[in-house]
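As structure tokens, the structure follows; a few thoughts come after it.
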Amino acid sequence: MPEHAQPPAPRPPQPSWPELPDAGPAVSGRERHRDLDEEAPGEVTAWGYPVYQEPRPSGPLDVGDLPGRQQERPFSYWESSPASEPAPAPVPAPAAPVPAPAPAPTHRSAAREAEPSFWGQAREPERSSWGSAWGRFPEEDQRPEEAPEPPPVKKKREPYLDNVKFVLIALVVAGHSLVPTLDAHSAKSAYLFIYTFHMPAFVLISGYLGRNFWNSNAKINKLVDTMLVPYVIVEIGYALLRYGLGQKWTLTIIDPAWLNWYLLALVLWRISSPIWTRMRQPLLVAVIIYMMAGFSEIAGDFSLDRFFGLLPFYVLGMMLKPEHFDLLRPLWVRITAGVVMAGAAAVAIFIAPHVNLKPVYFRYSFKKMDMDWWIGLGVRGALLAAALILAFALLALVPRRETWFSDLGTRTLYAYLLHGVVVLIAKDQGWLNFSWLHGPLGVLAIMSSSVALAIVLCLPETRKAFKWLLEPRLVWLYRRPSTPPDNKDTPDSAKESAPAPR
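Counting in the UniProt record's numbering, the sequence shown runs from 1 upward without gaps.
This is the structure in structure tokens:
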């Protein structure tokens, strides 16, 4: 025994047991350690079996054989106490790379997937004031609250087009009011100036607003509600008004009377919109049709004469985009537009006594205008160019910001359909036959009164009073679509060619 070792403490007396039969030499549980066990000094057995000891290696202990563990020599009763001999300091093993912790789920659904419940589905742990059910503190378990979706923002109506529509409807009322005074030079000059561009500009804006028209159920229903039905109602109403004023009863639905032609022509333009969108050069085709229409005697039935006479303006409006109107914003463009309008008014004053007004109606053939065909083609071409120049000049001068008449421009249909009643009554009663009206001051008075009448007819109170007549609810007129919602856009040809379900 080494000198520094102390003898083992005496063992307590062993209880007496009956002698066991001799089973031969004692063998340890592990054969490979028998020699080491036998060499242990002071071997003590218990109940006939040797005490097993961990083998002591003869050489130095290689800590590299046991990576990642604290290396200590096994303790044995045959050696000194660990307190008397300090154990060698453990040598740290090379640290293994620690994987980065998975990011904590921030979404509620991700948290549920990360913590499965008993039933196999994800469940969020119960929360408490001190943290979650798994011992996490509130700082560790904070999840951002999902903000509720904001309500859809209603798109603000663009005031520019409403401003344009009100200015144009005021010019329409003024033009119709000047008819009884056309024998005066000033009235004819103003009439020629207005009629050169105001209806072409109106049709151009109508084409721009109807550029997305398609023959769907909703579009067709709106076409009937806002155009065809008001057309029939107003046509009957004007026939009754003329009869009440002492004129002969005449009612021809297919041949619109006076200002009612615009509704029927607009229906035809809207229906033809898909055709123009399919063409490569729709404006060129429309201009050719416009020029060739002067050779034909086109009757006024269904407003076909105006349909072809103003067709290029509608097609051009369909081709316009919002960025095209932005080209009219610069100051120099507006100054030029003002100069052009002033020059056109001066030209109208100069040529009014010498020209025929039929060309500005965009409906008569060369024969009805008493023109040779080459002269008629030249007049039509010049009128088309002048109308486009003046129309865009007007669009450049109209303010783009919201003005006091922007809201009035949203109800121009009522001013267009109802102002004829006032004009017919004023003409029949002789209110426009005063001598002072047949002069420059009279023209200013008539135009000022026309603007005031347009304002009154565009008020919301006017719409409220006549909505039941001009915008009736016609839900009962339409049948429900027979096709299911998922097949409502399927063409008929595709439905017929589709294989039958088996």
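Just so you know, even glycine gets a beta-carbon here, dropped at the ideal spot from N, CA and C.
If you draw a straight line from the Cα of V224 to the Cα of H438, it is about 41 angstroms long. Of E402, G381, A465, the smallest CA-CA separation from I288 is found for G381. In the three-state scheme derived from DSSP, where H, G and I count as helix and E and B as strand, F362 is classed as coil.
For R278, the enclosing alpha helix (DSSP H) covers residues 273-278. If you look at K427, you'll find it in the alpha helix (DSSP H) that goes 412-429. Counting C-beta atoms within 10 angstroms of its own C-beta, I205 has 16 or more neighbours from the protein chains shown and is therefore classed as buried. Taking a 10 Å sphere around the C-beta of H419, we find 16 or more other C-beta atoms and assign the residue as buried. Sorting A445, L413, Y478, K427 by C-alpha distance to the C-alpha of L457 places L413 at the top.
Contact annotation: V360 and V315 have beta-carbon atoms that are not nearer than 9 angstroms. The beta-carbon distance between P312 and L384, rounded to whole angstroms, is 6 angstroms. This is short enough to meet the 8 angstroms contact definition. In the structure shown, K464 falls within a helical segment according to DSSP collapsed to helix, strand and coil. M199 is a Cβ neighbour of V172, given a cutoff of 9 angstroms. In this structure, DSSP gives M291 a helical state, which the three-state scheme calls helix. Annotation for T196: the continuous alpha helix (DSSP H) segment containing it runs 185-209. Counting only the Cα atoms, Y238 lies some 19 angstroms from R463.
Rounded to the nearest whole angstrom, the C-alpha separation of R270 and N260 is 16 angstroms. Around the beta carbon of K368, fewer than 16 other beta carbons lie within 10 angstroms, which makes this residue exposed.
The Cβ atoms of D255 and G300 lie closer than 9 angstroms to each other. At a cut-off of 4 residues, the continuous stretches assigned as alpha helix (DSSP H) that sit fully inside the region 358-403 are 373-397. Secondary structure of F350 (DSSP, three-state): helix. Between the region 239-250 and the region 397-411 there are fewer than three inter-stretch CB-CB distances shorter than 8 angstroms, so the stretches are not counted as touching.
Sorting A415, W374, R278, S189 by C-alpha distance to the C-alpha of W214 places R278 at the top.
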